[in-house]
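S.K.:
Numbering (the UniProt record's numbering), first residue to last: 1 to 108.
1. Does residue 103 pass the burial test, meaning 16 or more other C-beta atoms within 10 Å, or should it be called exposed?
2. Please report the residue range of the alpha helix (DSSP H) in which residue 43 lies.
3. Around the Cβ of residue 44, are there at least 16 other Cβ atoms within 10 angstroms (buried) or fewer (exposed)?
4. For the alpha helix (DSSP H) containing residue 8, name the first residue and the last one.
5. With distance defined between alpha-carbon atoms, name the residue in 41, 2, 17, 19 nearest to residue 107.
6. May I have the straight-line CA-CA distance separating residue 97 from residue 88, to the nearest angstrom?
7. Flag this pair as touching only if the segment 61-78 and the segment 10-26 have three or more C-beta atom pairs under 8 angstroms; answer yes or no.
8. Does DSSP classify residue 29 as helix, strand or coil?
9. Is DSSP giving residue 78 helix, strand or coil here?
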């Protein structure tokens, strides 16, 4: 099945804007286009699963700061977030729904 250029662009925007706005703008984009495109729906769900999982991992890392290991894990998680978002942009452009490592599948 061929994915339209507009749908690929929306998929890329979901991941790209996630870098700068966390989960807020990707949710809005997903809600606007999810009924019009199965591809954008899949990209939005993948990103939301990733965003929620990232928040959980970051919260756990923040709690681990009480035992000092969180000072090591927090920058690692932040760097991984940036890298996984960039990979998500590239994969969305290729027409692939990217599911980063450590993502918990809340939305199916």
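Here a beta-carbon is modelled for each residue, glycine too, at the ideal position from N, C-alpha and C.
Values in this document were obtained by computation on a predicted structure and should not be read as measured data.
M.R.: If we stick to the structure as given:
1. On the chain shown, position 103 is the one that residue 103 refers to. Classification of residue 103: buried, given that the 10 Å Cβ count is 16 or more.
2. Your numbering for residue 43 matches position 43 in the chain shown. That run of the alpha helix (DSSP H) goes 38-63.
3. For the purposes of this step, residue 44 is taken as residue 44 along the chain shown, with counting starting at 1. Result: buried.
4. Within the chain shown, the letter at position 8 stands for residue 8. Element bounds for residue 8: 5-21.
5. Within the chain shown, residue 107 is the residue found at index 107, counting from 1. The shortest C-alpha separation from residue 107 is found at 41.
6. The residue you call residue 97 lines up with position 97 of the chain shown. The residue you call residue 88 lines up with position 88 of the chain shown. If you take the alpha carbons of residue 97 and residue 88, they lie about 8 angstroms apart.
7. no
8. As a working mapping, residue 29 is identified with position 29 in the chain shown. Residue 29: helix per DSSP, three-state reduction.
9. Within the chain shown, residue 78 is the residue found at index 78, counting from 1. Residue 78: helix per DSSP, three-state reduction.
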